[in-house]
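Here is the structure we will look at, set down as structure tokens.
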Amino acid sequence: MENINITENEIYGFIYCISFPNGKKYIGQTTKLVEERIKEHIIVSKTDAQYLLSKAIRKYGENSIEYKAIDNACNRDELNQLEIQHIIFYNTHYLKGHGYNMTDGGEGVSGYIHTEESKKIMSYKSKLYFSNSSIRDSKSIEVKTYFENPENKLRLSEQIKLYFIKHPEARENMSTKMTEYFSNPENRLKQSKKRQEYFSNPENRENMSTKMTEYYSNPENRKNMSDTKKEFYKNNPEILKQHSERMKEKHKNNPEISKQHSERMKEYYNSPEIRKKLEEQHIKTLYKKVMKQLLNRKTKLQKSIRGPPKPFDVYYNEKHIGTFDYVPFAIDFLQKNKNININGHNIRKVLYGERTHTHGYIFKYI
1 MENINITENE IYGFIYCISF PNGKKYIGQT TKLVEERIKE HIIVSKTDAQ
51 YLLSKAIRKY GENSIEYKAI DNACNRDELN QLEIQHIIFY NTHYLKGHGY
101 NMTDGGEGVS GYIHTEESKK IMSYKSKLYF SNSSIRDSKS IEVKTYFENP
151 ENKLRLSEQI KLYFIKHPEA RENMSTKMTE YFSNPENRLK QSKKRQEYFS
201 NPENRENMST KMTEYYSNPE NRKNMSDTKK EFYKNNPEIL KQHSERMKEK
251 HKNNPEISKQ HSERMKEYYN SPEIRKKLEE QHIKTLYKKV MKQLLNRKTK
301 LQKSIRGPPK PFDVYYNEKH IGTFDYVPFA IDFLQKNKNI NINGHNIRKV
351 LYGERTHTHG YIFKYI
């Protein structure tokens, strides 16, 4: 990369933030000193100007506001882009958020395409700015505090979704870049190390666990994630195969992991709520399967004129258990109510007189 020298004398302009006692803010840009721009706002507020900012200054008084420069730029294009970004970040649009900005900022530069030179300068300037550890820490705290508010997270999420809906080419471009990035083994290894380093901290693991538990407690989130994974593996069978092999190898080489997983699953399935839910799902699945078999089975009996179902009784220790029209219905009943797994083949043998009973149960045609 070419050497790019940026000094204080080459700063083109500033992004500033005005804060009011009610918690609302205003984001603006200026190529002058910030103090001079604030004085201009105060002068305008003393007229009958109907800007929201002017009204707020008149309401709370010029001595009650606080202001500071929060960013700077080396050219007009960058200044415009930064203003847009900070209005979004601080949520100061009067309709979309909680502030006094009446526009999205940037003086209508939506769709502007940066030159390679301006991109280099912006990249260099950003790296230079964040090379200061105190600035990085301060910005990190600011961002974490911002996203601790669920409303902020939801708002940003909706904005991103809306952006990708309006710009499908951006979604495709992002997908392509991420695919290219992770196709490089070095990048995958680097990301893996970062995750391992992050989760080596017990506090981080606990925070992530809490967040994921909260997220997946929402049935809609669970369904969305499940559908996403199913669709992904359906469209990428080779990746599914690779994932399966990796998990088998992982459990083979780490028996302790298999043991822990087994214990978690036992605990999971011992939950009364889970067992009830699984039983309901099993019944629905079995019913669909049975009905499909009954409707689609191509046998000699089906080809002939078929009479009504042949009901049969079920007994246990000479006690009548119930009457059923079809063997699968009897199997389902016994599994659900008696916790007995009986083979349908053996039931038919009892019905045909080839066996006296199965699992102590007697089946007789009526």
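UniProt numbering applies: residue 1 is where the sequence shown begins, and numbers increase by one. The beta carbon of each residue, even a glycine, is placed where N, CA and C say it ideally should be.
Here Y26 really is in contact with G99; their C-beta atoms are around 6 Å apart, less than 8 Å. Taken through DSSP and simplified to helix, strand or coil, F20 comes out as coil.
In the displayed model, T47 falls within coil according to three-state DSSP, outside both helix and strand. When the five nearest sequence neighbours on each side are left out, the beta carbons in the same chain lying within less than 7 Å of the beta carbon of I87 are those of I27, H93, N101, D104, G105, in order along the chain. Sixteen is the threshold: when 16 or more other Cβ atoms of the shown chains lie within 10 Å of the Cβ of S45, as they do, the residue is buried. DSSP lists I15 as the beta-bridge partner residues of Q29. Residues N204 of the same chain have their beta carbon placed closer than 8 Å to that of Y198, with the five preceding and five following residues left out of the count. By the CB criterion at 9 Å, N72 and F14 fall inside the cutoff.
Y352 carries a coil assignment under DSSP once its states are collapsed to helix, strand and coil. G97 sits in coil when the DSSP states are folded into three classes, being neither helix nor strand. Listed in chain order, the non-local C-beta contacts of A69 below 6 Å within the same chain comprise F14, Y16, V34, local neighbours out to five positions each way being set aside.
Across the set M174, E148, T356, the C-alpha of T356 shows the shortest separation from the C-alpha of Y315. Judged by DSSP in its simplified three-state form, T92 adopts coil rather than helix or strand.
Residue pairing by DSSP places G322 opposite V314 in a beta bridge.
Within the same chain, and ignoring the five residues on either side of E238 in sequence, no residue has its Cβ closer than 8 Å to its Cβ.
The C-alpha of E172 lies about 15 Å from the C-alpha of F232. Look at D332 here: in three-state DSSP terms it is helix. Linking K55 to K194 through their CA atoms gives a straight-line distance of about 49 Å. Per DSSP, D104 is not a residue of any alpha helix (DSSP H), being assigned neither H nor E. By the neighbour-count criterion, in which a residue is buried when 16 or more other Cβ atoms sit within 10 angstroms of its Cβ, E83 is buried.
Within its own chain, the residues whose Cβ lies closer than 8 Å to the Cβ of E62, once the five positions on either side in sequence are excluded, are I42, S45, listed in chain order.
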